[in-house]
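Asks: Supplied in structure tokens, the structure appears directly below.
Protein chains: 2
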Amino acid sequence: MASNVLQVIPLGGLGEFGMNSLALRYGDDIVVIDAGMMFPEDELPGVDIVTPDFSYLVQNRQHVRALILTHGHEDHIGAVPFLLAELNLPVYGTPFTLALVERRLEEHELETQPELHPVRPGDRIRIGPFQVEFIHVTHSMVHCVALAITTPLGVVIHTGDFKIDPTPTDNELFDLHSLADYGRRGVLLLLSDSTNVDRPGYTESERAVRPRFEDILNRAERRVVVSCFSSSIHRIQQLVDLAVEFRRRVAFVGRSMLHVTEIAHSLGLLRIPNGLLLRPQDIMQAPPSKVLVLIAGSQGEPMSALYRVAVDDHRYLSVEQGDTVVLSARIIPGNEKAIYRMINHLARRGADIWYGAMNPPVHVSGHGSQEELKLMLNLVRPRYFVPIHGEYRQLARHVSLAAHLRDQGLEEAFVLETGETLVIDERGARKGERVPVGRVCIDSGSLDEVVEDVVIRDRRHLSEDGFVLPIIAIDKHTGKTEGTPEIVSRGFVAAEDGSGLLERARKVVLRTLESSTPEERADWGLMKEKIRTDLRRFIARETSRRPLIVPVILEV
Amino acid sequence: MASNVLQVIPLGGLGEFGMNSLALRYGDDIVVIDAGMMFPEDELPGVDIVTPDFSYLVQNRQHVRALILTHGHEDHIGAVPFLLAELNLPVYGTPFTLALVERRLEEHELETQPELHPVRPGDRIRIGPFQVEFIHVTHSMVHCVALAITTPLGVVIHTGDFKIDPTPTDNELFDLHSLADYGRRGVLLLLSDSTNVDRPGYTESERAVRPRFEDILNRAERRVVVSCFSSSIHRIQQLVDLAVEFRRRVAFVGRSMLHVTEIAHSLGLLRIPNGLLLRPQDIMQAPPSKVLVLIAGSQGEPMSALYRVAVDDHRYLSVEQGDTVVLSARIIPGNEKAIYRMINHLARRGADIWYGAMNPPVHVSGHGSQEELKLMLNLVRPRYFVPIHGEYRQLARHVSLAAHLRDQGLEEAFVLETGETLVIDERGARKGERVPVGRVCIDSGSLDEVVEDVVIRDRRHLSEDGFVLPIIAIDKHTGKTEGTPEIVSRGFVAAEDGSGLLERARKVVLRTLESSTPEERADWGLMKEKIRTDLRRFIARETSRRPLIVPVILEV
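Same order as they appear, the protein sequences are chains A and B. Here the numbering used here is used: the first residue of the first sequence is 5, the next is one more, and so on. Here the numbering used here is used: the first residue of the second sequence is 5, the next is one more, and so on.
Written as structure tokens, this is what we have:
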């Protein structure tokens, strides 16, 4: 590699949604920014999470100096354990980001303990030819930073995820000044978040949700159950504050909700008055008008806490006539049907349900809209611009949005997709050679089981363990199974191996079906997940193997 | 059945999205209102359309007097051929509705030709103890009616689908007066559309899309391609008028777009000046700045005209750098990912793409929002209210929306789900016995093949023809298949029947893969549909059988 050349190498998240990761290389030194995961598309059965293929980094292992994290969302840190399993790198991030990374690392048994270096906004670190400054940005989570990376050829600004919230709940303002300073001195390249490039205007401040929640709490005569992402600490703080004001005790329900709020609390990022918390197992004993439940599962994941509540199958919480349920989160595209199914279940229980777009809102986005993206472009005034974090349509639109900077020093904007590189040297920037990229599919057990039962199965090993397709015919009208479930398998065990394994697997499926309520049996998405989970457990116990399990439900 | 009892019997569309159908029974006389279809959920592989189970009507065949249609959308007429195949009923509807029904009937060979009776708003017909008046309503399609059904116990108002458009493009105003008359004289029961009950305020007039299209046409220097539902005649008329104004010729592309606009034109519902039309095969020869294309496929259906254009695989149309593409339709929940994939393909071709929420809009809904639903409730002032057309969450919300009528004569509102009945006699209304309902799944070939290749296969006959699962491993990185496709089948042919059928089927799949572009191969939704189509043709030709074909794509 020519020594005076800067390469921008997207490993994930450009031209696709999620699994953000990008490498910067100058000569023989590489730094990696973020290592996220994505949730897979429907078309990919049996896969729980997808991570970038880090082959490029592995092939250049002697050159990779560090991993730098912008913030702790799964699409930025979810693949960190998988990357660190391949390469032992020092990791830089803010304390909350690193605490979330540590939680993920605990689920994996790495051979060597990685070095985690906490940084604060304003800190500058040197990594080989790179100087990295961390710049505070506002987003739907705490402790988020943009990066200003000074290279021998100039400054690269990586925004991370951001919105420009004029009134953040913690009053930690977006650091416009540092970005303005860099902009005035001249920036070589801007890499900027494209998530909300389709939205005109400004994204509302996080505080915009407060009036609606006040209204909801004013009306509610019984339990109020709010579901949001467990990492939305600003949102959770507002709800905790409102609970104090409305004299309700707060219960956190769902593993991720419990863990992440505990981390935030221990770091002083979430203030919870003494005596406010209610244990999940005590919810149903407390007076319904005195309870606010914060629960995981806003995306309709079939095994999540809220979905279990929706089908009245949760250990600690039942939603009853007159309770209020609020979905305080974005509907991630692809999850609509599952979320609406969950809402229908909740409505059948008699709950009053708040969700979707309303004014004032129950949810605001953490990503900047068009005016904020333009403000970022105008502050930084880069010579080159590469939109990041978005599908092709979003990257292309973000490039259009920067058109007005053509006579303000912007020489060129590039739509790069994952694997396409940008090369910058003294003559300027141009697209370079492709690097090998791809996706690694991981089947890690159902999401709720991740901790107790982590078996990471790279789909490359499919040939090893084969696949099992339980095929269930359900009579939609009666909700009953027709005949016995059929099990088709290949590359797993011989159809007649003498032990009658498949025959017993069939019985496992039958048992799962019989132990479900008619309401559950009418919910195909849920049944598939239950069958997969139970069958996985059975097969692991009997054979210690992990075939791919893809339930197919046929209605007859 | 007691002779002085009125029964409301929902056969589809209450507590579920689509396949609207409802029976009214008084003593021994039954009329059926609408017979719609739905598109199936993702969880149901290989199924193209779903219709209500009409067993209740078949069991009571000697009592069923007529089928009355409110309008011609698929979720109201899509199951008509299936119902008429079981019961030879007279059908009442407006001319446009009946023309769409006739088109569907042509695809099926019914033993007896059904009687189709055209009606106009204001017409009254008598069917046994029922007198039915047709009342003009505004909606996203032409010739839509509500029904006022006078029974011996009182009047039942069925709204059909509606919005209350103050400025419809054809100036045919919503008939508020007839509804007001019925309301003043007293209405026993209101059955009202719940589709948009989640939306506050008023739905914008159909005319609201005009400013945005003017803006788009003002900017566009090359081809403008607009996709909307082929039945959106008001929308199409506005675009035709704009084409005249902006001196562009109009090409209709996609079979349903061609057929439905032809029907509307022949009925005088779509005015197209002579010489304006351009044949699809002439599009690419015409000057790009002089062309407006109206194309089917706004929902990202993998075999639709627009999707083929998106992957540059259409006979007559290529989208090129600088062309404009507008999705002028709602995104039906569940279709988001397919639609965004299609938009990404189009963005890669260099198109400027307009879609989603914007102000002014490129699409407005055809269903009334909360204020319109309240206006309907207040005009009709019914004694009983049953919301129709919606999932449980929507029906429950619509009941809440009617709460203010409690002291204006509303005695009770009921959330009924499909199969639950309402019984009304002189003492009043209450829930009655359930009737048998359900869904019938139909695998009719890919949507584009419906006409040439209609083989309707009731999934109840699964045991007859069995199933075939082609399992394809694709390397995401290279886009190439790994090894040869695997084919798993049950109940179809013996694995080794001597003819090597499955071996040849494997080759068919391999050929489909090899003949696809890398861009297509990276689009799993599209590949599944292509494989299913090609394999279906091969198996039908070789065996005259129609097993269920469910492609499974595994990434390795």
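From the three backbone atoms N, C-alpha and C, an ideal C-beta is built for every residue, glycine too.
Rounded to the nearest angstrom, what separates G338 of chain B and R251 of chain B at their Cα positions?
Replies: Whole-angstrom Cα-Cα distance: 37 angstroms.
Asks: Using CA coordinates, which residue listed in B:H147, B:Q135 and B:E115 is at the minimum distance from V159 of chain B?
Replies: Considering only alpha carbons, the answer is B:Q135.
Asks: Taking P215 of chain B as part of the alpha helix (DSSP H), name the residues at either end of that continuous run.
Replies: P215 of chain B -> alpha helix (DSSP H) spans R214 to R223.
Asks: Our contact map puts D57 of chain A next to G442 of chain A with C-beta atoms below 8 angstroms; I'd like the distance itself, whole angstroms only.
Replies: At roughly 4 angstroms, the Cβ-Cβ gap stays under 8 angstroms, so D57 of chain A and G442 of chain A are in contact.
Asks: Using a Cβ-Cβ cut-off of less than 8 angstroms, list which residues of the segment 204–218 of chain A approach chain B; keep chain order.
Replies: Within the segment 204–218 of chain A, the qualifying residues are P204.
Asks: Please work out which residues of its chain come closer than 6 angstroms, Cβ to Cβ, to D317 of chain A, disregarding the five sequence neighbours upstream and downstream, and give them in chain order.
Replies: Excluding sequence neighbours, D317 of chain A sits near nothing in its chain.
Asks: Do you know offhand how far T265 of chain B's Cα is from L399 of chain B's?
Replies: Approximately 34 angstroms, taken between the alpha carbons.
Asks: Could you please give me the residues that DSSP links to D127 of chain A through a beta bridge?
Replies: Paired residue(s): none; D127 of chain A is not in a bridge.
Asks: What residues from chain B crowd round A400 of chain A, counting only those whose CB sits closer than 7 angstroms?
Replies: Correct list: A351.
Asks: Could you list which residues in chain B have their beta carbon closer than 8 angstroms to that of N348 of chain A, in chain order?
Replies: Simply G19, E395, Y396 and R397.
Asks: Just to confirm before moving on: does the CB-CB distance between V472 of chain A and I557 of chain A stay below 9 angstroms?
Replies: It is not a contact, given that the beta carbons lie outside the stated cut-off.
Asks: Can you name the residues of chain A whose CB is closer than 7 angstroms to the CB of K378 of chain B?
Replies: The premise fails here: K378 of chain B is roughly 17 angstroms from chain A at the closest Cβ pair, so nothing lies under 7 angstroms.
Asks: Q241 of chain A lies in the alpha helix (DSSP H); which residues open and close that run?
Replies: Start and end: I237 to E249.
Asks: Residues in the same chain with beta-carbon distance under 8 angstroms from D452 of chain A, minus the five sequence neighbours each way, listed in chain order, please.
Replies: Reliability fails at D452 of chain A, whose pLDDT of 34 lies under 50, so the model's placement of it is uncertain and the value that follows must be treated cautiously. Cβ within range, chain order: R259, M307 and S308.
Asks: Across which residues does DSSP place Q11 of chain B in a beta bridge pair?
Replies: In the DSSP output, where bridge partners are listed per residue, Q11 of chain B has B:R29 and B:V427.
Asks: Compare the Cα-Cα distances from L296 of chain B to each of B:L262, B:L514 and B:L246 and report the closest residue.
Replies: When only C-alpha atoms are compared, the closest one is B:L246.
Asks: Under a three-way DSSP split, which group does S231 of chain A fall into?
Replies: Reduced to three states, the DSSP call for S231 of chain A is strand.
Asks: Going along chain B, which residues have a C-beta under 7 angstroms from M23 of chain A?
Replies: Correct list: empty, because the minimum Cβ distance to chain B is about 12 angstroms.
Asks: Hey, S332 of chain B and V213 of chain B are a contact pair by Cβ (cut 8 angstroms); roughly how many whole angstroms apart?
Replies: Indeed they touch by this definition, with Cβ atoms about 7 angstroms apart.
Asks: What residue ranges within the segment 95–156 of chain A form continuous alpha helix (DSSP H) runs of no fewer than 4 residues, ordered along the chain?
Replies: Within the segment 95–156 of chain A, the complete alpha helix (DSSP H) runs of at least 4 residues are 99–110.
Asks: Since P337 of chain B meets chain A, which of its residues come closer than 8 angstroms, beta carbon to beta carbon?
Replies: Those are E340, K341 and Y344, listed as they occur along chain A.
Asks: For T171 of chain B, count neighbouring C-beta atoms within 10 Å of its own C-beta (all shown protein chains included) and say buried if the count is 16 or more, exposed if not.
Replies: By the 10 Å Cβ count, T171 of chain B comes out exposed.
Asks: With distance defined between alpha-carbon atoms, name the residue in B:N222, B:T98 and B:R29 nearest to Q66 of chain B.
Replies: Residue B:R29 is the option with its Cα nearest to Q66 of chain B.
Asks: Chain B beta carbons: is any one of them nearer than 9 angstroms to that of V554 of chain A?
Replies: Yes, its Cβ sits closer than 9 angstroms to a Cβ of chain B.
Asks: Would D79 of chain A count as contacting chain B if we go by Cβ distances under 9 angstroms?
Replies: With 9 angstroms as the cut-off, D79 of chain A does not count as an interface residue toward chain B.
Asks: Mind reading off the beta-carbon distance from P122 of chain B to T98 of chain B? Whole number of angstroms is fine, and I expect it under 8 angstroms.
Replies: P122 of chain B to T98 of chain B, Cβ: 7 angstroms. Contact.
Asks: Report the rounded CA-to-CA distance for A407 of chain A versus F100 of chain A, giving the unit in angstroms.
Replies: Using only the alpha carbons, I get a separation of about 37 angstroms.
Asks: Measuring alpha carbon to alpha carbon, tell me which of B:Y311, B:R319, B:R515 and B:L350 ends up nearest D327 of chain B.
Replies: The residue with the shortest Cα to Cα distance from D327 of chain B is B:L350.
Asks: Sorted by chain position, which residues of the same chain lie with C-beta nearer than 6 angstroms to Y396 of chain A's C-beta, five sequence neighbours on each side aside?
Replies: Within the same chain, Y396 of chain A has close Cβ partners G19.
Asks: Check whether the Cβ atoms of Y388 of chain A and L183 of chain A lie closer than 9 angstroms to each other.
Replies: Result no, Cβ atoms of Y388 of chain A and L183 of chain A do not sit closer than 9 angstroms.
Asks: Within the same chain, show all residues whose beta-carbon is closer than 8 angstroms to that of M23 of chain A, passing over the 5 residues directly before and after it, in chain order.
Replies: Result list for M23 of chain A: G16, G17, G40, M41, M42, V54, T55, P56, D79, G82, A83 and R443, in chain order.
Asks: Quick check: the Cα distance between H147 of chain B and L102 of chain B, rounded to an integer number of angstroms?
Replies: Spanning the two alpha carbons is a distance of roughly 10 angstroms.
Asks: Span of the beta strand (DSSP E) holding R434 of chain B?
Replies: Run containing R434 of chain B: G432 to K435, per the beta strand (DSSP E) assignment.
Asks: State yes or no: is the beta carbon of F471 of chain A nearer than 9 angstroms to at least one beta carbon in chain B?
Replies: It does: the Cβ of F471 of chain A has a partner Cβ on chain B nearer than 9 angstroms.
Asks: Below 6 angstroms CB to CB, which residues in the same chain sit around V105 of chain A once its five sequence neighbours on both sides are set aside?
Replies: Contacts found: I81 and V84.
Asks: Taking 8 angstroms as the limit between beta carbons, can you name the residues of its chain near Y186 of chain A, skipping five residues before and five after?
Replies: Excluding residues within five positions, the ones whose Cβ falls inside 8 angstroms are A152, V159, I161 and V384.
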